[in-house]
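There are 2 protein chains.
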Amino acid sequence: MSQEETVGPLEESPGYVLKQAHAALRTAMEAALRPLGLTVPQYACLELLGQRPGLSNAELARGAFVTRQSMNLVLRGLQDRGLLTRPEQAPHGRALPTQLTPAGRDQLRAASTAVRAVEQQMLAPLSPADQRRLRDHLAACVAALAPTTPAAED
Amino acid sequence: MSQEETVGPLEESPGYVLKQAHAALRTAMEAALRPLGLTVPQYACLELLGQRPGLSNAELARGAFVTRQSMNLVLRGLQDRGLLTRPEQAPHGRALPTQLTPAGRDQLRAASTAVRAVEQQMLAPLSPADQRRLRDHLAACVAALAPTTPAAED
DNA sequence: TGACTCATGTCAATATTCTGACATACATTG
DNA sequence: CAATGTATGTCAGAATATTGACATGAGTCA
Chain A
1 MSQEETVGPL
11 EESPGYVLKQ
21 AHAALRTAME
31 AALRPLGLTV
41 PQYACLELLG
51 QRPGLSNAEL
61 ARGAFVTRQS
71 MNLVLRGLQD
81 RGLLTRPEQA
91 PHGRALPTQL
101 TPAGRDQLRA
111 ASTAVRAVEQ
121 QMLAPLSPAD
131 QRRLRDHLAA
141 CVAALAPTTP
151 AAED
Chain B
1 MSQEETVGPL
11 EESPGYVLKQ
21 AHAALRTAME
31 AALRPLGLTV
41 PQYACLELLG
51 QRPGLSNAEL
61 ARGAFVTRQS
71 MNLVLRGLQD
81 RGLLTRPEQA
91 PHGRALPTQL
101 TPAGRDQLRA
111 ASTAVRAVEQ
121 QMLAPLSPAD
131 QRRLRDHLAA
141 CVAALAPTTP
151 AAED
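Note that the protein sequences, when read in sequence, are chains A and B.
If you read the first sequence in UniProt numbering, its first letter stands for residue 1, the second for the next number, and so on.
If you read the second sequence in UniProt numbering, its first letter stands for residue 1, the second for the next number, and so on.
As structure tokens, then:
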């Protein structure tokens, strides 16, 4: 019936709040990207390529937190739409360095603007100092959860 | 080749860091819950029921950020394992209030301990004050992204 | 040189999740 | 009382992501 009858300690769990924030951001991003005909993974791929041209499929997969297979499907879709290009033959190993096409750069520009607006909305209630703090704290959490213990006790 | 040659502004994007933190937490939770034979959605379901007994399928789905259909499958799995019970007939509307069994409570206790350890590890580099700040900031972000604009400009 | 290891791209099969849809039960309103 | 609206549980289909596996190319080391 009501949405906050008994506020259990669930709302106080850092993990739950993190998941909640992630879900809210993802939903907002989906809504912002839908008019552009892009999904969140597709946008992530474009954004990665815009910032680091020449990334391979496996590198893009790691950057977008998906498997190589999933990223491969994303890449094919974007390639079929003419937003990026991959050489037919690998210049060095087996990795195929991917590049954005001019159309891809245009799409990325529009998508990046839309996503940035969502981020602004998300961070609106926070002061610039708090925004930096939030980012740094999250980064610290990521480092603390890294499989290879950064500060090995042994 | 290297993993942080040119640190683009990607690492500075709040959304990306949030996604990164969520992925790291999820991976760590999966690893912690695997020995107990639980997946993350299953644990979320148990935790919700432990804190708010009698939740219905739809309410659990909203709390775990999945669809009713997905939560229904989770519930069936846990029910088949004897961790929770649902009445065969709805006492009031169509909602079936779910309850943990003693076995479910035991499983929840073990899982909760494991997950709490992961959270502790994640928050280890942060002071208690910063932990509170992080939680409050994330909650503020969630509120700012809520579909119903809290401070309607119109 | 030859054997070994590692990373990458790709294929196939499986799991998981979501979208769409429908019937039921209660509350609200005329 | 009857009609409408909302919420829930459930079914079926499609879309998506994942796990497992394999061949290829490059580097390493005896």
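Backbone N, C-alpha and C define an ideal beta-carbon position, used for all residues, glycine too.
Predicted model, so just to flag it, every value in this text is computed and none were measured.
Inset, instruction - Quick one: list the residues of chain A neighbouring Gln-121 (chain B), beta-carbon separation under 7 Å, in chain order. - result: Counting from one through the second sequence, the residue named residue 121 (chain B) turns up at place 121. Ordered by position in chain A, the residues that pass the 7 Å Cβ test against Gln-121 (chain B) are Ala-144, Leu-145.
Legend entry - Classification of Thr-67 (chain B) by the beta-carbon crowding that lies within 10 angstroms, buried from 16 upward: As a first step, residue 67 (chain B) is located in the second sequence; it is residue number 67 there, counting from the start. Per the 10 Å Cβ criterion, exposed.
Inset, instruction - Quick one: residues in its chain with C-beta nearer than 8 Å to the C-beta of Arg-105 (chain A), no 5 flanking neighbours on either side, listed in chain order? - result: Counting from 1 along the first sequence, the entry for residue 105 (chain A) is found at position 105. If we look at Arg-105 (chain A) and ignore the five residues flanking it on each side, its Cβ neighbours are Gly-50.
Legend entry - Alpha-carbon to alpha-carbon, Met-71 (chain A) and Glu-30 (chain A): Taking the first sequence and counting its residues from 1, the one referred to as residue 30 (chain A) is at position 30. Taking the first sequence and counting its residues from 1, the one referred to as residue 71 (chain A) is at position 71. Rounded to whole angstroms, Glu-30 (chain A) to Met-71 (chain A) spans 18 Å at the Cα level.
Inset, instruction - On a CA-only basis, which of B:Val-115, B:Ala-117, B:Ala-144, B:Arg-109 is nearest Gln-121 (chain A)? Give me that one, please. - result: As a first step, residue 121 (chain A) is located in the first sequence; it is residue number 121 there, counting from the start. The residue with the shortest Cα to Cα distance from Gln-121 (chain A) is B:Ala-144.
Inset, instruction - Check the Cβ-Cβ distances between Pro-91 (chain A) and every residue of chain B, and say whether any is below 9 Å. - result: Position 91 of the first sequence, counted from the start, is the residue given in the question as residue 91 (chain A). By this cut-off, Pro-91 (chain A) is not an interface position.
Legend entry - Residue range of the unbroken alpha helix (DSSP H) whose run includes Glu-59 (chain A): In the first sequence, residue 59 (chain A) corresponds to position 59, counting from 1. Counting along the chain, the alpha helix (DSSP H) containing Glu-59 (chain A) begins and ends at 57-64.
Inset, instruction - Determine which residues share a DSSP beta bridge with Gln-99 (chain A) and list them. - result: Sequence index remark: in the first sequence, residue 99 (chain A) carries index 99 (1-based). Under DSSP, the beta-bridge partners assigned to Gln-99 (chain A) are A:Thr-85.
Legend entry - Under 8 Å by beta carbon: chain B residues contacting Val-115 (chain A): As a working mapping, residue 115 (chain A) is identified with position 115 in the first sequence. Neighbours of Val-115 (chain A) on chain B, chain order: Gly-15.
Legend entry - Among A:Asn-57, A:Ala-28, A:Pro-14, A:Glu-11, the one whose alpha carbon lies nearest that of Pro-147 (chain B): Translated into positions along the second sequence, residue 147 (chain B) becomes position 147. The shortest Cα separation from Pro-147 (chain B) among A:Asn-57, A:Ala-28, A:Pro-14, A:Glu-11 belongs to A:Ala-28.
Inset, instruction - Compare the beta carbon distance of Leu-46 (chain A) and Leu-138 (chain A) with 9 Å and say whether it is the shorter of the two. - result: Taking the first residue of the first sequence as 1, we reach residue 46 (chain A) at position 46. Taking the first residue of the first sequence as 1, we reach residue 138 (chain A) at position 138. In this structure, Leu-46 (chain A) lies away from Leu-138 (chain A), with their beta-carbon atoms at least 9 Å apart.
Inset, instruction - Would you verify that the beta carbon of Glu-4 (chain A) is, or is not, closer than 9 Å to some beta carbon of chain B? - result: Position 4 of the first sequence holds residue 4 (chain A). Any reading at Glu-4 (chain A) must be qualified, since the residue scores a pLDDT of 39, below 50, and its modelled position is unreliable; no value is offered.
Inset, instruction - For chain A, find out if any of its Cβ atoms is closer than 9 Å to the Cβ of Pro-125 (chain B); answer yes or no. - result: Start at 1 with the first residue of the second sequence, and residue 125 (chain B) comes out as number 125. The beta-carbon of Pro-125 (chain B) is placed less than 9 Å from the nearest beta-carbon of chain A.
Inset, instruction - Go to Ala-124 (chain B), then tell me how far its alpha helix (DSSP H) extends in each direction, as first and last residue. - result: The sequence position of residue 124 (chain B) within the second sequence is 124, counting from 1. Per DSSP, Ala-124 (chain B) belongs to no alpha helix (DSSP H) and is neither H nor E.
Inset, instruction - List the whole-angstrom C-beta distance separating Thr-98 (chain B) from Arg-86 (chain B), where the pair is believed to meet the contact cut-off of C-beta under 8 Å. - result: Here residue 98 (chain B) refers to the residue found at position 98 when the second sequence is read from its first residue. Here residue 86 (chain B) refers to the residue found at position 86 when the second sequence is read from its first residue. With a Cβ gap of about 5 Å, Thr-98 (chain B) and Arg-86 (chain B) count as contacting.
Inset, instruction - Please report the residue range of the alpha helix (DSSP H) in which Leu-46 (chain B) lies. - result: The residue given as residue 46 (chain B) occupies position 46 in the second sequence. Per DSSP, Leu-46 (chain B) is one residue of the alpha helix (DSSP H) stretching across 40-51.
Legend entry - Three-way DSSP call (helix, strand, coil) for Gly-93 (chain A) in this model: Along the first sequence, one-based indexing puts residue 93 (chain A) at 93. Gly-93 (chain A): coil per DSSP, three-state reduction.
Legend entry - Coil, strand or helix - residue 162 (chain A) by DSSP: No answer is possible for residue 162 (chain A): the residues shown for chain A start at 1 and end at 154.
Inset, instruction - Classify Thr-67 (chain B) as helix, strand or coil using the three-state DSSP reduction. - result: Within the second sequence, residue 67 (chain B) is the residue found at index 67, counting from 1. Reduced to three states, the DSSP call for Thr-67 (chain B) is coil.
Legend entry - Where Asp-130 (chain A) meets chain B, residues with beta-carbon distance less than 7 Å: By 1-based counting over the first sequence, the position of residue 130 (chain A) is 130. Correct list: His-137.
Inset, instruction - At 9 Å on the CB atoms, spell out the chain B contacts of Arg-133 (chain A), in chain order. - result: Along the first sequence, read from residue 1 onward, the residue named residue 133 (chain A) stands at position 133. Chain B residues near Arg-133 (chain A): Asp-130, Arg-133, Leu-134, His-137.
Legend entry - Gly-93 (chain A) to Gln-69 (chain A) span [Cα, whole Å]: Here residue 93 (chain A) refers to the residue found at position 93 when the first sequence is read from its first residue. Here residue 69 (chain A) refers to the residue found at position 69 when the first sequence is read from its first residue. Spanning the two alpha carbons is a distance of roughly 18 Å.
Legend entry - Straight-line gap, Ala-90 (chain A) to Ala-111 (chain A) (C-alpha atoms, nearest Å): For the purposes of this step, residue 90 (chain A) is taken as residue 90 along the first sequence, with counting starting at 1. For the purposes of this step, residue 111 (chain A) is taken as residue 111 along the first sequence, with counting starting at 1. Cα to Cα, the separation comes out at about 29 Å.
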